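Inspection log for the structure reproduced underneath, given as structure tokens.
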Amino acid sequence: MNTSDYNFIAEAYKRSKQLPFRLYVESYSLHQMMGDITGFNILDLACGEGFYTRKLKEAGANRVLGVDLSAKMIELAEAHERTHLIGCQYLVSDVAKLPYLGIFDKVVAMYLLNYARTKEELVSYCRAAYHQLRSGGFFIGYNDNPFNPVEEYSSYRKYGFTKQAKEDRQEGDPIHYTFYNTDDTVFTFDNYYLRPQTYAEAFTEAGFTRFQWVAPELHPSQLDDPFWGQFMTHPPVIGFLAEKK
Ligand SMILES: C[S@@+](CC[C@H](N)C(=O)[O-])C[C@H]1O[C@@H](n2cnc3c(N)ncnc32)[C@H](O)[C@@H]1O
Numbered sequence: 106m107n108t109s110d111y112n113f114i115a116e117a118y119k120r121s122k123q124l125p126f127r128l129y130v131e132s133y134s135l136h137q138m139m140g141d142i143t144g145f146n147i148l149d150l151a152c153g154e155g156f157y158t159r160k161l162k163e164a165g166a167n168r169v170l171g172v173d174l175s176a177k178m179i180e181l182a183e184a185h186e187r188t189h190l191i192g193c194q195y196l197v198s199d200v201a202k203l204p205y206l207g208i209f210d211k212v213v214a215m216y217l218l219n220y221a222r223t224k225e226e227l228v229s230y231c232r233a234a235y236h237q238l239r240s241g242g243f244f245i246g247y248n249d250n251p252f253n254p255v256e257e258y259s260s261y262r263k264y265g266f267t268k269q270a271k272e273d274r275q276e277g278d279p280i281h282y283t284f285y286n287t288d289d290t291v292f293t294f295d296n297y298y299l300r301p302q303t304y305a306e307a308f309t310e311a312g313f314t315r316f317q318w319v320a321p322e323l324h325p326s327q328l329d330d331p332f333w334g335q336f337m338t339h340p341p342v343i344g345f346l347a348e349k350k
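Final position of the sequence shown in the working numbering is 350; the numbers increase by one with none missing.
Quick look at the structure:
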């Protein structure tokens, strides 16, 4: 089994969304980066089982379309849609082979880009986002943090996961994540390392005029809690934002 195949870990991954860092850092930071999305059309690339697709729709977006490679992830997303009627649409597709789906005000990718093993693959994901965006639109998301030193990788256990990689990680090397859910299930998957400079070059090659990393933000209710010290000092994940002029 390929442990990065989300058809095998879909349910466990969905449950990992209950870990506190998902709510107090990931979800809060995305919300801050997105701003007011009332009436916007949004494309959610690598939407998984629709955790953020739903949140975006519930935050007032107009059309929200989620795309994912994993049929099992989309099955979970559609099952939720059937019972809750939130109004999200879903599609199974490889982002690198995405057909033209319309013009969107914002494109989101929560943990897609870290699946690229090469600069070419990364450029193909960035191009897919660029082509579906209106001019003046933003491509926003979260990613494995390529600035995160390997020495810190084992230090996130109290947040519900650890990371592992070769000490001298090189372009395309796996970053092995092990997640420990609150219900005691453990699951693993691999992301891939590409240098920060490779990301900057890929966004430029795809046509984006502005690309920046965005440091994670902690929900105001947690600011006095020392629990978050390591996570916020050495963020294992990081946001990004790019603009199409
Ligand atoms: C870590 S999960 C994130 C899911 C969701 N964005 C979230 O934050 O809950 C990564 C997702 O990326 C999807 N994925 C990986 N490579 C992809 C590709 N080339 N095209 C579309 N989806 C992809 C996987 O199937 C998986 O559902």
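Virtual Cβ for every residue (Gly too), placed ideally from N, Cα, C.
Here the structure is a predicted model, which is why all the values come from computation and not from measurement.
My understanding is that residue i touches residue j, with C-beta atoms under 8 Å, so please give their C-beta distance in whole angstroms.
i	j	result
Ala311	Val228	6 Å
His339	Glu257	4 Å
Answer yes or no: do residue i and residue j have a C-beta to C-beta separation smaller than 8 Å?
i	j	result
Cys152	Val130	no
Tyr304	Arg274	no
Pro341	Asn253	yes
Leu181	Ala115	yes
Leu203	Leu170	no
For the candidate residues the options, whose alpha-carbon lies nearest to that of residue i?
i	options	result
Leu150	Pro125, Tyr297, Ile245, Lys177	Ile245
Gln237	Glu257, Asp210, Tyr258	Asp210
Asp288	Tyr118, Pro254, Tyr230, Ala307	Tyr118
Arg262	Val197, Glu183, Tyr285	Tyr285
Leu161	Phe336, Lys350, Met139	Met139
Leu217	Pro204, Val200, Arg232	Val200
Glu348	Phe313, Lys177, His281	Phe313
Ser259	Ser240, Cys193, Ile208, Ile280	Ile280
Arg315	Tyr235, Ser326, Val169	Tyr235
Arg300	Arg127, Ala115, Lys177, Ala221	Ala221
Gly207	Arg239, Arg187, Asn296	Arg239
Val197	Leu128, Asn112, Cys231	Asn112
Ser121	Phe308, Asp329, Tyr264	Tyr264
Cys193	Trp333, Arg168, Gln302, Glu226	Arg168
Apart from the five residues on each side of it in sequence, which residues of its chain come closer than 6 Å, Cβ to Cβ, to residue i?
i	result
Met215	Tyr157, Gly246, Tyr247
Trp318	Ile343, Phe345
What are the boundary residues of the alpha helix (DSSP H) that residue i is part of?
i	result
His185	176-189
Arg274	Segment: none, Arg274 is in no alpha helix (DSSP H) and carries neither H nor E.
Asn112	111-121
Arg232	224-236
Gly334	334-338
Tyr133	133-139
Would you mind reading off the limits of the beta strand (DSSP E) that contains residue i?
i	result
Thr158	Element bounds for Thr158: not the beta strand (DSSP E) but the alpha helix (DSSP H), 156-163.
Val319	315-319
Gln343	According to the sequence as given, residue 343 is Ile; it is not Gln. It spans 342-348 - the beta strand (DSSP E) in which Ile343 sits, taken as one unbroken run.
Gly312	Counting along the chain, Gly312 falls outside any beta strand (DSSP E), and DSSP gives it neither H nor E.
His281	279-285
Gln351	Residue 351 lies beyond the stretch modelled for the chain, which goes from 106 to 350, so this question has no answer here.
Phe294	291-297
Ile147	147-150
Lys211	209-215
To which residues of the same chain is residue i closer than 7 Å at the C-beta, ignoring the five residues directly before and after it?
i	result
Thr283	Phe266, Thr267, Val291, Thr293
Could you confirm whether any beta carbon from chain D is found closer than 8 Å to the beta carbon of residue i?
i	result
Ala201	In the structure shown, chain D does not exist; there is a single protein chain.
Give me, in chain order, the residues of the same chain whose beta-carbon lies closer than 8 Å to that of residue i; leave out the 5 immediate sequence neighbours on both sides.
i	result
Ile142	Leu161, Ala164, Gly165, Ala166, Asp210, Lys211
Glu90	Because the chain in this structure spans residues 106 to 350, residue 90 falls outside the shown range and cannot be described.
Pro321	Val130, Glu131, Ser134, Phe336, Met337, Pro340, Val342, Ile343, Gly344
His185	Glu154, Gly155, Arg159, Ile191
Arg270	One detail in the question is off: residue 270 reads as Ala in this sequence, not Arg. Excluding positions up to five away in sequence, the list reads Val255, Tyr258, Asp278, Pro279, Ile280, His281, Tyr298.
May I ask whether a heavy atom of ligand 3 can be found less than 7 Å away from the beta carbon of residue i?
i	result
Cys193	Ligand 3 is not part of the structure shown, which contains ligand 1 as its ligands.
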